[in-house]
Amino acid sequence: MRLIILGGPGSGKGTQLRRLSQSLQLTGLSVGDVLRDAIAHSTRLGLQAAPYVSKGELVPDEIMIQFMRLRLLQEDVSQGWVMEGYPRTAFQAEELDFVLSDFGQYLTKAIYLEVSEEVMRSRSQKRSRPDDTPEILNLRIKRFKERTIPILEYYGRRDTLVIIDANQPPEAVQAEILQKIKKTGFLQ
Ligand code: AMP
Numbered sequence: 013m014r015l016i017i018l019g020g021p022g023s024g025k026g027t028q029l030r031r032l033s034q035s036l037q038l039t040g041l042s043v044g045d046v047l048r049d050a051i052a053h054s055t056r057l058g059l060q061a062a063p064y065v066s067k068g069e070l071v072p073d074e075i076m077i078q079f080m081r082l083r084l085l086q087e088d089v090s091q092g093w094v095m096e097g098y099p100r101t102a103f104q105a106e107e108l109d110f111v112l113s114d115f116g117q118y119l120t121k122a123i124y125l126e127v128s129e130e131v132m133r134s135r136s137q138k139r140s141r142p143d144d145t146p147e148i149l150n151l152r153i154k155r156f157k158e159r160t161i162p163i164l165e166y167y168g169r170r171d172t173l174v175i176i177d178a179n180q181p182p183e184a185v186q187a188e189i190l191q192k193i194k195k196t197g198f199l200q
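Per the working numbering, the sequence shown starts with residue 13, numbered consecutively.
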């Protein structure tokens with residue numbers, strides 16, 4: 013099974029990634045965490061990404077796509093995965109489909125964690141990450157609306173999209189995700 017979790021800042025992507033990777037026994041991949049770790053260790057990817065992440069801008073597609081192509085070739089994800097933070101643009105979404113079809117694979121479902129902008133702000137304020145300050149958060153929300161919302165239509169057209177009310181507590185969100193995936197026949 014290959015799942016992606018989509019959502020704005022503070023929508024609970026990281027929390028649901030941990031919960032789903034555990035309950036479905038899948039490798040979990042948080043692209044935001046990978047970038048933060050790369051920045052902390054000043055790797056090549058980290059040095060390239062740092063100026064964008066610190067401002068709340070998206071890292072350019074070429075950098076992300078090149079990185080993800082290599083990441084998805086690694087052994088730990090060969091049997092399936094659940095991923096959050098990628099894709100975040102229409103170009104990344106199309107590219108992910110190309111990469112998967114090169115491997116003879118396809119995306120099982122795209123899970124969209126829908127929350128109000130108010131919830132995005134109040135949850136992000138509680139986290140105190142360097143990119144959660146009000147100004148940077150404004151830009152992240154703006155980029156989410158401009159760049160990521162359009163890919164919902166992309167997955168909707170492919171009948172891959174599952175929309176979840178993520179204003180609820182984490183347990184209820186997880187239960188709704190599992191119930192909706194079950195309905196599609198991908199889980200027993
Ligand atoms: P996140 O923790 O997922 O909100 O990601 C933190 C930051 O990493 C974002 O604000 C972006 O600067 C960068 N980032 C994460 N994933 C991507 C992506 N798929 N494309 C471009 N930038 C990304």
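We put the CB at the ideal spot given by N, CA and C, even for glycine.
### Task
May I ask which residues mark the beginning and end of the alpha helix (DSSP H) holding S113?
Numbered from its first residue, the sequence shown carries residue 113 at position 101. A102 to D114 is the span of the alpha helix (DSSP H), which, as asked, contains S113.
### First through last residue of the beta strand (DSSP E) which encompasses T39
The sequence position of residue 39 within the sequence shown is 27, counting from 1. Looking at the DSSP string, the run of the beta strand (DSSP E) that includes T39 is T39 to S42.
### Task
Assign K194 to one of two classes, buried (16 or more other C-beta atoms within 10 Å of its C-beta) or exposed (fewer than that).
Translated into positions along the sequence shown, residue 194 becomes position 182. When all chains shown are included, K194 counts as exposed.
### Query
So which of R48, E130, E126 and L84 has the shortest CA-CA distance to S113?
Start at 1 with the first residue of the sequence shown, and residue 113 comes out as number 101. Out of R48, E130, E126 and L84, L84 has the C-alpha closest to the C-alpha of S113.
### Inter-residue Cα distance where the pair is A187 and V46
One-based indexing of the sequence shown puts residue 187 at position 175. One-based indexing of the sequence shown puts residue 46 at position 34. Roughly 27 Å between the two C-alpha positions.
### Message
Below 8 Å on the Cβ atoms is my contact criterion, and I expect T101 with D143 to pass it. Report the Cβ-Cβ distance as a whole number of Å.
### Response
Here residue 101 corresponds to residue number 89 of the sequence shown, with the count starting at 1. Here residue 143 corresponds to residue number 131 of the sequence shown, with the count starting at 1. With 8 Å as the limit, T101 and D143 do not qualify as a contact, their Cβ atoms being about 18 Å apart.
#### Entry: Three-way DSSP call (helix, strand, coil) for L164 in this model
Indexing the sequence shown from 1 puts residue 164 at position 152. In the structure shown, L164 sits in a helix (DSSP, three-state: H, G or I).
#### Entry: Strand pairing of Y124, partner residues [DSSP]
Position 112 of the sequence shown, counting from 1, holds the residue named residue 124. Y124 has L18 and I175 as its beta-bridge partners, per DSSP.
### L59 burial status per 10 Å Cβ neighbour count (16 or more: buried)
Taking the first residue of the sequence shown as position 1, residue 59 is located at position 47. So L59 counts as exposed.
### Task
Report buried or exposed for P198, applying the criterion of at least 16 other Cβ atoms within 10 angstroms of its Cβ.
Numbered from its first residue, the sequence shown carries residue 198 at position 186. Note that residue 198 corresponds to Phe in the displayed sequence, not to Pro. Residue environment analysis places F198 among the exposed positions, since fewer than 16 neighbouring C-beta atoms fall within 10 angstroms of its C-beta.
### Query
Per DSSP, M95 is paired with what?
As a first step, residue 95 must be located in the sequence shown, where it is residue number 83. Paired residues: I16 and L41.
### Query
What residue does the alpha helix (DSSP H) around V131 start on, and which one ends it?
Along the sequence shown, read from residue 1 onward, the residue named residue 131 stands at position 119. E129 to R139 is the span of the alpha helix (DSSP H), which, as asked, contains V131.
### Task
Taking all protein chains shown into account, decide if R139 is buried (16 or more other Cβ within 10 angstroms of its Cβ) or exposed.
Position 127 of the sequence shown, counting from 1, holds the residue named residue 139. With fewer than 16 Cβ atoms within 10 Å of its Cβ, R139 is classed as exposed.
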